[in-house]
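With the numbering used here applied, the first sequence corresponds to residues 728 to 1646, in that order. Glycine is no exception: its CB is placed at the ideal position from the N, C-alpha and C atoms. I have placed the structure first, in the form of structure tokens, so that the comments after it can refer back to it.
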Amino acid sequence: MDYDFVAIEKKWQRKWAEEKTFKAVEDPSKPKFYVLDMFPYPSGAGLHVGHPLGYIASDIFARYKRLCGFNVLHPMGYDAFGLPAEQYAIQTGQHPEKTTSVNVARYRSQLDRIGFSFDWDREVRTCDPAYFKWTQWAFLKMFGSWYDKALDKARPIEELEEAFAKGGSAAVDAACNDAPSFTASEWLSFSEKEKSDILMHYRIAYQGESTVNWCPALGTVLANDEVKDGYSERGGHPVFQKKMTQWQLRVSAYAGRLLDSLDAIDWSDSLKEMQRNWIGRSEGAEMVFKVECDGAQYDMTIFTTRADTVFGVTFMVLAPESEWVEKLTAASEKDAVAAYLESVKKKTERERIAGKAVTGVFTGSYATNPLTGKKVPVWVSEYVLSGYGTGAIMAVPAHDSRDYAFARKFNLPIIPLIEGADVSESSFDAKEGTMVNSGFLDGLSVKEAIPAAIDYIEAHGIGRRKVNYRIRDAIFSRQRYWGEPFPIYYKDGIPTPVPFDKLPVTLPEIDKYAPTESGEPPLARAKDWTFDGWPLETSTMPGFAGSSAYYLRYMDPHNDETLVSPEADKYWRSVDLYVGGTEHATGHLIYSRFWDKFLFDLGYVVEDEPFRKLVNQGMIQGRSSFVYRIVGTNKFVSVGLKDSYETTEIHVDISLVRNDRLDLDGFRAWRPEFADAEFILEDGEYVCGYAVEKMSKSMYNVVNPDDVCETYGADTLRLYEMFLGPVEQSKPWDTKGIDGVHRFLRKFWRLFWDRENFLVNDEEPTKAELKALHVLIGKVRTDIEAFSFNTAVSAFMIALGELQGCSKRAVLEPLVILLSPFAPHIAEELWHQLGHETSVTYAPFPEYVQAYTVEDSVTYPVSFNGKTRFTVDLPKSLSREDVEASVRALPDTAKWVGAGSIVKVIVVPGRIVNIVVKQ
RNA sequence: GCCCUGAUGGCGGAAUUGGUAGACGCGCUGGACUCAAAAUCCAGUGGCCUUUAAAGCCGUGCGGGUUCGAUUCCCGCUUGGGGCACCA
728 MDYDFVAIEK KWQRKWAEEK TFKAVEDPSK PKFYVLDMFP YPSGAGLHVG
778 HPLGYIASDI FARYKRLCGF NVLHPMGYDA FGLPAEQYAI QTGQHPEKTT
828 SVNVARYRSQ LDRIGFSFDW DREVRTCDPA YFKWTQWAFL KMFGSWYDKA
878 LDKARPIEEL EEAFAKGGSA AVDAACNDAP SFTASEWLSF SEKEKSDILM
928 HYRIAYQGES TVNWCPALGT VLANDEVKDG YSERGGHPVF QKKMTQWQLR
978 VSAYAGRLLD SLDAIDWSDS LKEMQRNWIG RSEGAEMVFK VECDGAQYDM
1028 TIFTTRADTV FGVTFMVLAP ESEWVEKLTA ASEKDAVAAY LESVKKKTER
1078 ERIAGKAVTG VFTGSYATNP LTGKKVPVWV SEYVLSGYGT GAIMAVPAHD
1128 SRDYAFARKF NLPIIPLIEG ADVSESSFDA KEGTMVNSGF LDGLSVKEAI
1178 PAAIDYIEAH GIGRRKVNYR IRDAIFSRQR YWGEPFPIYY KDGIPTPVPF
1228 DKLPVTLPEI DKYAPTESGE PPLARAKDWT FDGWPLETST MPGFAGSSAY
1278 YLRYMDPHND ETLVSPEADK YWRSVDLYVG GTEHATGHLI YSRFWDKFLF
1328 DLGYVVEDEP FRKLVNQGMI QGRSSFVYRI VGTNKFVSVG LKDSYETTEI
1378 HVDISLVRND RLDLDGFRAW RPEFADAEFI LEDGEYVCGY AVEKMSKSMY
1428 NVVNPDDVCE TYGADTLRLY EMFLGPVEQS KPWDTKGIDG VHRFLRKFWR
1478 LFWDRENFLV NDEEPTKAEL KALHVLIGKV RTDIEAFSFN TAVSAFMIAL
1528 GELQGCSKRA VLEPLVILLS PFAPHIAEEL WHQLGHETSV TYAPFPEYVQ
1578 AYTVEDSVTY PVSFNGKTRF TVDLPKSLSR EDVEASVRAL PDTAKWVGAG
1628 SIVKVIVVPG RIVNIVVKQ
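Written out as structure tokens, the structure reads:
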């Protein structure tokens, strides 16, 4: 019987679905294991072979864990809200829900074909009201909470109100954005509206004005991680900085915890580093400068990490968006400052970054250096950011390159503070050297001077130690249709939560999906977009809202009472293995951690980190093929000969190319303009050139997994994607090697079947066969645990070579179990042919037994300095004299052996190379 | 500019903790089977020198170092990929 992968795969995929083989049920008697993939956005293009890479790896791991006796939760769903469906809707008028469900169906059929062991009963879709009810619920919980810095956790807002009523604003140490201070009695006298406005400064989910990334082309604001190099990540449209009132999440309150608990999770160093940079902790000091403008006096606070350089401050700089600009602009400079602010406003984010031109304007006011008493001018410049620190800086041109450039441009003085620093050409930014010109700091090294300066500042009441974080609060509103509506309505202008029992707030039907003519979000088009007669919020939530807690929902997806029941949460706890791309490093993976910590604070979940271990799979790139048309003709020249002609490189569809050889007739039929193409061949064939590029339709290099399943089968696809190289590594898809993997499966099949006979017998395996089997068992286990699937596949191939013609049940049964995570269909089929009734999925992983000894070896005692130190196993061909002579000839350092050491003797036939001592 | 990563045959990639570099697969070459082809099987396959073989020499991006021994550890570069970037 032949290996009929088409029939086998169809048969078992149907059985698995019918029998719900992979259904996960909470079972306290078994240890749990939660394996999760980042759920996909169901795009219209469908899956290409790059997408399943991570899914295959996690599926192997999930199946392996089941074999090891774990109760495995391995769910899948769809991140179904998003821009592409909405833009398609704007163009065609088709409801995004329709597009989305069509795409979801396509994804599902593609996924099913690869034979994943998902528990589809737990599927979630972020756009499903029964799901986003809990996204809205979490938002309301954040709206109803504040962050207590003293306890370092979120608490219900009612407790804040109580504290205000007792002790006013001074009674709490809360994370907030510039809220006014007030007494207890003032609080009690405030109106509802006033109280609401004040609380808004404290809520974890709050409405606040801030400088946001505004993208006019998309008609919406974007979060920082959705902007790349000043362009929108989706669509690549220019982005402007704009002050707007938006819903925001107080992620910044969690900065310290997000940073610290990175140490406790098993993620790659590079990813942790990315998050550390994004969070951006820096230690320094806040310092107060007295400022004077047209006779008025102010105290202005700045942040610096170089308190040691205060003696070199020669000017101050404000961010253009800073509130200080208005206060500190002298009457005489009003016009100049206004003109400058206007010019800054017009620039796109891109221009601000790219144009490194030094610009700025003098405000006409002066600040007093708190240490020297000297007066220095206050300037405004776009190189200072409003969102970081206090939006104002002290400038030390001698030791900061940006301040230096500014000082040079506007002819401001430069005072060097470090001995021997030459600041005639550029600033000296390094934190090393000995202080000079710095009063009481003179003679100290920079490393000593920084804390000494801060101590002094604190002692004299000029400022205090301060840790600053770069991470900003997440902008949470989007002016779009296809997202979760906010469960917020405006009662007398006061943002009011929709009661929990009225959730979810579902999307209204509207006639057009574009923003309104007056620039309002699409939801403003809805006829009756109200709650209880009051207007509802018209913006929707961003993409990361629905993906932030989906891993929790999988634990208890049908629960209508809570996001996740305490029982389910306590059982599944958190994700043990999370597999996905690194592109979410500063988006989803930050927000999810924040979201989880928030729910943890409120006692809804038991773990304060969502993803214990994270593996980032690499991208699979496309391998594009090219033909070379001789300029001005319809003649194509093979790649090896193209240098003798002037040619144009043309992408050719890779389905017309096999092993870089072009299918000439197929090419002529491909497009009308090539119908009468002529070819200049080499060795009778047309050889194409190639390049590794992103897999995309326009480069004709997309490989659909369905096609691979058609020709080779899902098992081959799975095995091949793993065999391609380490999961974490990016690599091009290259069909060349796929035959080798397919051949392996056919050979494997042939251990069981020849043309018509089932070969399996009950003979006793030989020692050599047992050795091959058990080496494989050990290797497969360690490789899977180490996520090294490519070497595991190699191990199978080696074992198969050694087990040729071995059709013994005692060998084949464990072999089938071992193979089942990788190639589940063929394994399931053969498992049943071996007479088993139940799925191989729950068979026990074979035990590794050291069932062999080194053949042809003999044990020698080895002695140094007349004492026997240890014994070694060596090939018989080596005489005892040889061994001892070799050991004696070794240098002393190699001969030392400590008590209790394990010794390995490295033997090249005929001589001892070395002795390795292991502890 | 800063941070993280990687660099090994014609190709994808192996190498447990510093111990015979190139496993496994692809490709290529030769052979078997076949009227022939496909499929399958067997053998060879880093480079140089050599008629061949044996033996030898050189070889893990480059230059140094530590070590009996370095793809592996240290220092300094070159270069591919990714991230951050006026963050004071």
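Residue i vs residue j beta-carbon contact at 8 Å
{"i": "L1263", "j": "W861", "result": "no"}
{"i": "A1148", "j": "G1160", "result": "yes"}
{"i": "D1035", "j": "M1162", "result": "yes"}
{"i": "A1157", "j": "I1141", "result": "no"}
{"i": "S1113", "j": "T826", "result": "no"}
{"i": "A932", "j": "F1203", "result": "yes"}
{"i": "V776", "j": "P1432", "result": "yes"}
{"i": "L976", "j": "I1006", "result": "no"}
{"i": "A1012", "j": "R1192", "result": "yes"}
Residue i: first and last residue of the uninterrupted alpha helix (DSSP H) it sits in
{"i": "D764", "result": "Unbroken run through D764 is the beta strand (DSSP E), K759 to D764; no alpha helix (DSSP H)."}
{"i": "A1276", "result": "Per DSSP, A1276 belongs to no alpha helix (DSSP H) and is neither H nor E."}
{"i": "L1144", "result": "No alpha helix (DSSP H) contains L1144, which DSSP labels as neither H nor E."}
{"i": "T748", "result": "Here T748 belongs to no alpha helix (DSSP H), and DSSP marks it neither H nor E."}
{"i": "K920", "result": "E919 to M927"}
{"i": "S1070", "result": "K1061 to K1073"}
{"i": "I841", "result": "Note, I841: premise wrong, no alpha helix (DSSP H); not H, not E."}
{"i": "R907", "result": "A small correction: the amino acid at residue 907 is Pro; Arg does not occupy that position in the sequence shown. Per DSSP, P907 belongs to no alpha helix (DSSP H) and is neither H nor E."}
As assigned by DSSP and simplified to three states, the class of residue i
{"i": "V797", "result": "Reading the sequence as shown, one finds Phe at residue 797 and not Val. F797 falls in the coil class under three-state DSSP."}
{"i": "S959", "result": "strand"}
{"i": "T1309", "result": "helix"}
{"i": "W861", "result": "helix"}
{"i": "G773", "result": "coil"}
{"i": "N1592", "result": "Because the pLDDT at N1592 is just 37, under 50, the model does not fix this residue reliably, and the point stays unresolved."}
{"i": "L1451", "result": "coil"}
{"i": "E1556", "result": "helix"}
{"i": "Y1439", "result": "coil"}
{"i": "P755", "result": "coil"}
{"i": "V1635", "result": "Here V1635 scores only 45 on pLDDT, less than 50, and its place in the model should not be relied on; the value that follows carries that caveat. Here V1635 sits in strand by DSSP."}
{"i": "R1650", "result": "With the chain covering only 728 through 1646, there is no way to say anything about residue 1650."}
{"i": "L1168", "result": "helix"}
{"i": "I1357", "result": "strand"}
{"i": "N830", "result": "helix"}
{"i": "K1506", "result": "helix"}
{"i": "N1431", "result": "coil"}
{"i": "V1538", "result": "helix"}
Residue i, enclosing beta strand (DSSP E) - first and last residue
{"i": "N1004", "result": "From DSSP, N1004 is part of no beta strand (DSSP E) but of the alpha helix (DSSP H) over D996 to I1006."}
{"i": "F891", "result": "It is not in any beta strand (DSSP E) - F891 instead sits in the alpha helix (DSSP H) that spans I884 to G894."}
{"i": "Q968", "result": "F967 to L976"}
{"i": "W873", "result": "S872 to D875"}
{"i": "R1320", "result": "Looking at the DSSP string, R1320 is not in any beta strand (DSSP E); the run it does join, the alpha helix (DSSP H), is H1315 to D1328."}
{"i": "A1378", "result": "Looking at the sequence itself, residue 1378 is His, so the reference to Ala does not match. Residues T1374 to V1379."}
{"i": "A1119", "result": "A1119 to A1122"}
{"i": "Q934", "result": "A932 to C942"}
{"i": "T1223", "result": "I1221 to P1224"}
Bridge-paired residues (DSSP) for residue i
{"i": "G1011", "result": "K1193"}
{"i": "T1028", "result": "V1015"}
{"i": "W1106", "result": "V1044 and F1089"}
{"i": "Y1417", "result": "S1352"}
{"i": "K1340", "result": "D993"}
{"i": "K1362", "result": "E1405"}
{"i": "I1347", "result": "K1458"}
{"i": "Y1217", "result": "P1222"}
CB-CB length for residue i against residue j, believed under 8 Å
{"i": "A1404", "j": "F1363", "result": "6 Å"}
{"i": "K920", "j": "G1220", "result": "7 Å"}
{"i": "I1504", "j": "P1541", "result": "7 Å"}
{"i": "P1212", "j": "T1267", "result": "6 Å"}
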